[in-house]
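Asks: In the numbering used here, the protein residues as written are 60 to 226. After the structure tokens below, expect a handful of questions from me.
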Amino acid sequence: GIFHNKEKTFLVWVNEEDQLRIISMQKGGDVKGVFERLANGIKAVGDSVKAESGKEFCLDEKYGYVHSCPTNLGTGMRASVHIDLPGWTKDGVDKLKARCEELALQPRGTRGESGGQTGHTYDISNKHRLGYSEVQLVQTMSDGVNKLYEEDLELQKKQSEAEAATA
60 GIFHNKEKTF LVWVNEEDQL RIISMQKGGD VKGVFERLAN GIKAVGDSVK AESGKEFCLD
120 EKYGYVHSCP TNLGTGMRAS VHIDLPGWTK DGVDKLKARC EELALQPRGT RGESGGQTGH
180 TYDISNKHRL GYSEVQLVQT MSDGVNKLYE EDLELQKKQS EAEAATA
């Protein structure tokens, strides 16, 4: 089941791929606010589980949180942003994927892992989960998305200039 707050900015998804998925999201660019809500929510859920069962989330000092989904070993945190990148789309999705690789990011369509790409809106997230703190992963995602956006504006400008030159 999915449980959420009134605003649907904080969700707890039970018995999904990871057994427990905790999500914080909102429109706009307040990454810090989303992260703070997530940290507070994780603590509240953990405190509730401990109060009810006397047990804590399974945490290994070296490998992080234990998950049923091996791709989420480590922090298990996937920080992502939905962003329009028309310049990158026109330049080529393979080029965007290669650039994301250089920035330690992972591009997806907005329909999830296997939902495919539609239009020029992408879900861009941190690629790594293991060996980095949650703060490092959010910073990598934020810095990378800002860089992709700057590059997208430059690509759009070059594409417009090239189209004007051939018109």
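Positions of the beta carbon are idealized from the N, C-alpha and C atoms, including for glycine.
#1: Which whole-angstrom value describes the C-beta separation of residue 162 and residue 144, a residue pair presumed to lie in contact below a C-beta threshold of 8 Å?
#2: Where does residue 185 land, buried or exposed, given buried means 16+ other C-beta within 10 angstroms?
#3: With DSSP as the reference, please indicate the residues paired to residue 119 in a beta bridge.
#4: Kindly indicate which residue of 113, 181, 95, 100 has the alpha-carbon position closest to the one of residue 207.
#5: Does residue 169 come out as helix, strand or coil in the three-state DSSP assignment?
#6: Decide if residue 159 is buried, meaning its Cβ has at least 16 other Cβ atoms within 10 Å, or exposed.
#7: Given 8 Å as the limit, is there contact between the region 83-97 and the region 60-68, that is, 3 or more CB pairs closer than that?
#8: Buried or exposed for residue 197, please, with buried defined as at least 16 other CB atoms from any protein chain shown within 10 angstroms of its CB.
#9: Judging by CA-CA distance, which residue of 202, 166, 72 is the nearest neighbour of residue 153?
#10: Determine the extent of the alpha helix (DSSP H) in which residue 59 is found, giving its start and end residues.
#11: The beta strand (DSSP E) spanning residue 232 covers which residue range?
Replies: Put simply:
#1: That pair is no contact at about 13 Å.
#2: buried
#3: 123
#4: The candidate whose alpha carbon is nearest that of residue 207 is 181.
#5: coil
#6: buried
#7: yes
#8: buried
#9: 166
#10: Since the displayed the chain opens at 60 and closes at 226, residue 59 lies outside it and no answer follows.
#11: For the chain, the structure presents residues 60 to 226; residue 232 sits outside this window and is missing.
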